[in-house]
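For the sequence shown, the numbering used here gives the first residue as 4, with consecutive numbering after it. Glycine residues also receive a C-beta, built at the ideal position from the N, C-alpha and C atoms.
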Amino acid sequence: MDKKPIIIGNWKMKLGIAESLELAKQLKHIPAKNVDVVVCPSFVSLSGVIDTLRHSSISVGAQDCFWESEGAFTGETSAAYLREIGASYVILGHSERRKYLGETDEMVHKKIKMALTAGLTPIVCVGETFEQRQEGSKDYVLIQQTVKALEGVPLGADQRVFIAYEPVWVIGSGQAIDPAEAAATHQVIRQSLFDIFPSSVVKSSFSIIYGGSVDANTVNDFTSLENTDGVLVGGASLTADSFRDIIQKA
Ligand code: 13P
4 MDKKPIIIGN
14 WKMKLGIAES
24 LELAKQLKHI
34 PAKNVDVVVC
44 PSFVSLSGVI
54 DTLRHSSISV
64 GAQDCFWESE
74 GAFTGETSAA
84 YLREIGASYV
94 ILGHSERRKY
104 LGETDEMVHK
114 KIKMALTAGL
124 TPIVCVGETF
134 EQRQEGSKDY
144 VLIQQTVKAL
154 EGVPLGADQR
164 VFIAYEPVWV
174 IGSGQAIDPA
184 EAAATHQVIR
194 QSLFDIFPSS
204 VVKSSFSIIY
214 GGSVDANTVN
224 DFTSLENTDG
234 VLVGGASLTA
244 DSFRDIIQKA
């Protein structure tokens with residue numbers, strides 16, 4: 004299949020402002036010919052990283068947004084403000100937010116709609132925990148997360164949504180899952196999209212990517228899968244050397 008994989012770095016809350024700017028500077032001139040590259044720094048580093056990467060081929064995303072565009076919501080960040088600052092993408096429903104901030108599928112659903120309205124491309128994370136996997140409910144969990152997040156979301160012809168399958172128990176473990184399992188799981192996710200969107204919309208508007216302990220040694224195992232459009236990288240996106248290796252291998 005002729006495709007251009009997307010490589011997204013999620014810097015989580017792991018780099019301060021100075022560190023983020025330094026990393027952005029180092030990444031700026033990395034040749035990234037046949038891949039799309041996105042980095043997602045913390046909110047406070049966004050504007051500096053966007054400035055630094057302005058004339059590069061690397062796009063910038065946020066790690067969350069709120070579901071209202073403005074109002075009395077202390078501490079929250081509007082998708083419109085993120086667009087205003089120059090962000091193009093936003094990660095939504097990451098398992099760490101679901102776990103520590105109590106984020107629900109309903110919240111993720113509202114955030115996706117707001118992100119699209121503001122002109123951001125959502126990267127929606129879904130994934131099962133180890134316990135859910137042990138009790139055999141993995142597919143059920145993924146279908147629920149996908150359908151509840153996306154059912155009824157209006158999608159324009161030029162809008163895209165990335166769904167990142169991130170098995171929660173694999174994040175930060177140093178051991179990615181078997182690519183064959185990722186391929187089978189992506190099929191389950193794609194099938195659940197066919198239940199809620201016309202097939203033409205699924206084909207034109209959705210991309211499914213894998214996240215969970217991806218590094219330069221494993222990136223190709225995932226990007227070469229026919230039904231996988233890229234990777235979401237945590238730990239291995241935090242240094243220029245390791246992220247460069249991933250981009251070059253992909
Ligand atoms: P790691 O690549 O560190 O496992 O993190 C994955 C992740 O959570 C990306 O969003």
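Asked, Found
"Where M16 falls, given that 16 or more other Cβ within 10 Å makes a residue buried", "exposed"
"Sheet register partners of F209 (DSSP bridge)", "V164"
"Cross-strand partners of P125 (DSSP beta bridge)", "V93"
"Own chain residues within Cβ distance below 6 Å of H1, not counting five before or after", "With the chain running from 4 to 253 in the structure shown, residue 1 is simply not present."
"Given 8 Å, three or more beta-carbon pairs between the region 178-185 and the region 148-159", "no"
"Closest by C-alpha distance to A243, when choosing among P8, I9, P34, K6", "P34"
"Spatial distance of A100 from G51 (CA atoms)", "Strictly speaking, residue 100 in this sequence is Arg, with Ala absent from that position. Going from the Cα of R100 to the Cα of G51 covers about 24 Å."
"For L49, three-class secondary structure by DSSP", "helix"
"Contained alpha helix (DSSP H) runs [length at least 4] in the region 59-108, N- to C-terminal order", "82-88, 98-103"
"CB of V171 within 9 Å of CB of T132, strictly", "yes"
"Unbroken beta strand (DSSP E) run spanning L26, endpoints", "Premise fails: L26 lies in the alpha helix (DSSP H), 20-30, not in any beta strand (DSSP E)."
"Cutoff 8 Å; reference L24; Cβ partners in own chain excluding five residues on either side", "S48, G51, V52, T55"
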